[in-house]
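Asker:
There are 4 protein chains.
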Amino acid sequence: MPLRTETREKIQSVAAEIFSKRGFHNTGLRAIAADARLSIGSIYHYFKSKDDILLAILRRELATWKEFVADLERRELPVSKQIEAIVVQQINRIGKERDRSAIFLLGRLEHSATLKTNLVEVYEEMARYLERLLRTGIERKEIRPCNSTVVAYAILGIIESISTRIFFHNDKITGILRHEAPAELTQSLSKWLAIDPLPVNGR
Amino acid sequence: MPLRTETREKIQSVAAEIFSKRGFHNTGLRAIAADARLSIGSIYHYFKSKDDILLAILRRELATWKEFVADLERRELPVSKQIEAIVVQQINRIGKERDRSAIFLLGRLEHSATLKTNLVEVYEEMARYLERLLRTGIERKEIRPCNSTVVAYAILGIIESISTRIFFHNDKITGILRHEAPAELTQSLSKWLAIDPLPVNGR
Amino acid sequence: MPLRTETREKIQSVAAEIFSKRGFHNTGLRAIAADARLSIGSIYHYFKSKDDILLAILRRELATWKEFVADLERRELPVSKQIEAIVVQQINRIGKERDRSAIFLLGRLEHSATLKTNLVEVYEEMARYLERLLRTGIERKEIRPCNSTVVAYAILGIIESISTRIFFHNDKITGILRHEAPAELTQSLSKWLAIDPLPVNGR
Amino acid sequence: MPLRTETREKIQSVAAEIFSKRGFHNTGLRAIAADARLSIGSIYHYFKSKDDILLAILRRELATWKEFVADLERRELPVSKQIEAIVVQQINRIGKERDRSAIFLLGRLEHSATLKTNLVEVYEEMARYLERLLRTGIERKEIRPCNSTVVAYAILGIIESISTRIFFHNDKITGILRHEAPAELTQSLSKWLAIDPLPVNGR
DNA sequence: TATGAATGAGACTTCATTCAT
DNA sequence: AATGAATGAAGTCTCATTCAT
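Chains as they are written, first to last, in our numbering: chain G, 3 to 205; chain D, 3 to 205; chain Z, 3 to 205; chain C, 3 to 205.
#1: Helix, strand or coil for N120 of chain C? Go by DSSP, reduced to three states.
#2: Quick check on DSSP: helix, strand or coil for H27 of chain C?
#3: Taking the C-alpha atoms as reference points, what is the distance between I69 of chain C and E75 of chain Z?
#4: Whose C-alpha, out of C:V153, C:E78, C:P80 and C:I20, is nearest the C-alpha of R102 of chain C?
#5: For N149 of chain C, return the contacting residues in chain Z, with the cut-off set at a CB-CB distance below 7 Å.
#6: Please classify I59 of chain C as buried or exposed, where buried requires at least 16 other C-beta atoms within 10 Å of its C-beta.
#7: Suppose contacts are defined by Cβ-Cβ distances below 8 Å. Is V90 of chain D in contact with T188 of chain D by that definition?
#8: To the nearest angstrom, how far is the alpha carbon of L64 of chain Z from that of I105 of chain Z?
#9: Where does R77 of chain D fall in DSSP's three states?
#10: Find the residues of chain G that neighbour R167 of chain D, judging by a C-beta separation of less than 7 Å, and give them in chain order.
#11: Contact defined as beta carbons within less than 8 Å: I believe L132 of chain Z pairs with I157 of chain Z. What is the distance between those atoms, to the nearest angstrom?
#12: Rounding to the nearest angstrom, what Cα-Cα distance links A18 of chain G and L107 of chain C in this structure?
#13: Within the continuous alpha helix (DSSP H) that includes H181 of chain G, where are the two ends?
#14: Report yes if the C-beta distance between I164 of chain C and Y125 of chain Z is below 8 Å; otherwise report no.
#15: With a Cβ-Cβ cutoff of 8 Å, do D198 of chain D and R146 of chain D count as a contact?
#16: Output needed for Q14 of chain C: all residues of its chain with C-beta closer than 6 Å, excluding positions within five of it in sequence on either side, in chain order.
#17: Of the residues G:T166, G:F26, G:I168 and G:C148, which one's Cα is nearest the Cα of K193 of chain G?
#18: In three-state terms, what does DSSP make of E19 of chain D?
#19: Determine, using beta carbons only, whether L31 of chain C and K52 of chain C come nearer to each other than 8 Å.
#20: At 7 Å on the CB atoms, spell out the chain D contacts of E127 of chain G, in chain order.
#21: Quick one: is E123 of chain G near chain D, going by C-beta distance under 8 Å?
#22: Can you tell me where the alpha helix (DSSP H) holding H47 of chain D begins and where it ends?
#23: Indicate whether A185 of chain G and I93 of chain G have their beta-carbon atoms separated by less than 8 Å.
#24: Hey, is M190 of chain D's beta-carbon within less than 8 Å of any beta-carbon in chain G?
#25: With 7 Å as the C-beta to C-beta threshold (strictly closer), list the residues of the region 58-79 of chain D near chain G in chain order.
#26: Could you say which of C:T9, C:M128 and C:E86 lies nearest to S190 of chain C if we only look at CA atoms?
#27: Indicate the three-state DSSP secondary structure (helix, strand or coil) for S82 of chain Z in the structure shown.
#28: Does the CB of L111 of chain C have a neighbour CB from chain Z at under 8 Å?
#29: What did DSSP end up calling D198 of chain Z once you bin it into helix, strand or coil?
#30: Name the residues in the region 19-32 of chain Z whose C-beta lies less than 7 Å from a C-beta of chain C; which are they?
#31: Determine the contact status of L117 of chain G and E112 of chain D, defining contact as a CB-CB distance below 8 Å.
#32: Quick one, which of G:H47, G:P80 and G:D37 has its alpha-carbon nearest I140 of chain G's?
#33: Distance, Cα to Cα, E127 of chain Z vs V16 of chain G?
#34: Does any residue of chain D have a CB that is nearer than 8 Å to the CB of S114 of chain G?
#35: Between G:A35, G:I168 and G:I55, which has its C-alpha nearest E99 of chain G's C-alpha?
#36: Could you name the residues of the same chain whose beta carbon sits closer than 7 Å to that of E162 of chain D, not counting the 5 residues immediately before and after it, in chain order?
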């Protein structure tokens, strides 16, 4: 018999999947209840509102992200490797864990004013994290001096765009992105952020 | 007395602004009617449904984009300059023409299944265009060989991410992005896509 | 074709009748809509919520009451006659204008916290009015000195109790109350509030 | 370990308090369960429905009332003293025993059609009792001839109105009513019901 | 061309009640 | 005896759309 926790997680997973695929407003509680094999009423034992479900999903996603980046830091990888790892990991997760890779898909959902703050905060928190990472890399001269704010949002945009494309389609391009994006982006990022070679011999 | 066309455009502009800001589902026809100083009934003289308004907006946006890129081609700029122009122009439009810069904001709106196809097509059409452009650049040896599909989506993601951030907020970061993103991204793209220097003296 | 105002009044009257009879919480919008021969949705053109309907009813009732007492004052009746008139008129209205005699039936309805304030205020306003009237009577020596606060609430209670009994039943007692309460209460009030006769010749 | 009976009484007391304060429909079983420190399920061991709880409360209140009036009769007080005692005692109980003074507050609660009969019966039973008492007083020439039905409902209304005002508020007026109502009403009732002095000398 | 009252389907949510444990 | 997860009916409310004027 499912424990409280299991049912809650079930609802969250199911909702994450449907929200990601169809959007928040296009997903009725009927659909969530049906997929979770529960009555609509039951959902309200576990979440106090539909908004609350989305918030729980986002909190879980954010926690996962934080664990992941904390782990990267602990391993004391060079900054460029950390960024690479973040990009590659997010892209690889899409499709493998559809219900748990929603952070980039949900963050931009249409939202009530109440939710907006929370959703935006998740995205902003990731941006702040990347910014700090970039600045550290610049200080340590591991990457070239660049505008960390601009580059942070650019990197998030890349992840989001490619993740979304993979998530929502299943065609030839999906395959290309899934298989080739990690290598291409690794190379792109390395060129993008590489320290400029010293001019050997100024004119 | 406004002509049919003017009223139609008015509705479109008003709707583009509100859809962008609040989302498609969070925007009722009442709100559009109020902002356009029209009755709800009148809107149905110009558009056959709410979905239809969104479609019209997207078609207009796509046309604008096509004109813009056609112009770039006509001027026979080098590929890297064309890409640069596309990125910079989109970012500069945000905030200046809120009601006409919606393409990147609307493309990711939650949508009914019916609309989904159309919205995605716009995004895909832009991706296809960038892909072709990149391949041309590679052929002409103006940019380094890269996976044009991956890079195309990456560039769209960058534009989208930064545009969105500028559009929805008005804080210090907004300022940074607005003023510094064009230069930073120009530089980033140039490094990213630059032809690898010939190894001076192969081993 | 009914004007906006007529429909609004229709809803109000219908709702007043049902609320009075069955209570606020036991009355669904379905019932109001059905009795008003309208769709549920339509009701929301005229009232922004179910609470709002109740508020509108109370405001109308209070206005009626105020007109009535203002008229009494204008006619410069002695205080005891005014009180008598108030009591008798309220009792006579019950049954004649079921949809417009709701003030004493609605004031004590179960209510949301939001409504509570408004509902209570109506009742309190009537109490305050009676208090002032009693004090005036005492000053003018038209009625005996008494605690105007206590007596004001007592009079309201009498009206409420008898009105309610008439409203909700239709039996022998209803008839007795309807026909005999005015005379009995007139006499009762006169004894209750009469100036004590001077002891002619104290033993 | 609480005995069945103690738990049952606990539920009843808690429910009486909340029903009185917030109303029947505004009180969920969750609230009762929480206040009684019980699970919702448990409540259904002691009462077969929410309605049943209210009925039990009313039956208890009615029993208390009957005991009280039986005691008055046993003491063979004059009728006017009995009425006085009833009025004063009810008013004094409010605030002292919030959970057991509910009869006048509950009697007018909104109720399902099923409950209506029962609730009304309690009120009617009190009215019948007062009527009989008044008629006895008239027969015994202890009080003036009056319409016992009308006066019975009037007295109930007075008690109800003042009790309610005390129960739901806590302001200056609450204090006035609590402290001065017993004396004022005692005096009022005595004047109201006093035997008319014999005309000394006809004509 | 323009209006806005009217509609009805469907949204989210609450809650008394049941029942397996 | 006690629990609380699960249910499903009913509640209030929103909104795109229609249509008589």
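Note that the Cβ used here is the ideal one computed from N, Cα and C, for glycine as well.
Answerer: From the atom records:
#1: helix
#2: coil
#3: In the sequence as displayed, the identity of residue 69 of chain C is Glu instead of Ile. If you take the alpha carbons of E69 of chain C and E75 of chain Z, they lie about 47 Å apart.
#4: C:I20
#5: E182 and E186
#6: buried
#7: yes
#8: 7 Å
#9: coil
#10: Y155
#11: 6 Å
#12: 48 Å
#13: K174 to L195
#14: no
#15: yes
#16: A58 and I59
#17: G:C148
#18: helix
#19: yes
#20: Chain D residues near E127 of chain G: none, gap ~13 Å exceeds 7 Å.
#21: no
#22: I42 to Y48
#23: no
#24: Per the sequence shown, residue 190 of chain D should be read as Ser rather than Met. So, interface residue.
#25: none
#26: C:E86
#27: helix
#28: yes
#29: coil
#30: G25, F26, H27 and N28
#31: no
#32: G:P80
#33: 55 Å
#34: yes
#35: G:I168
#36: F106
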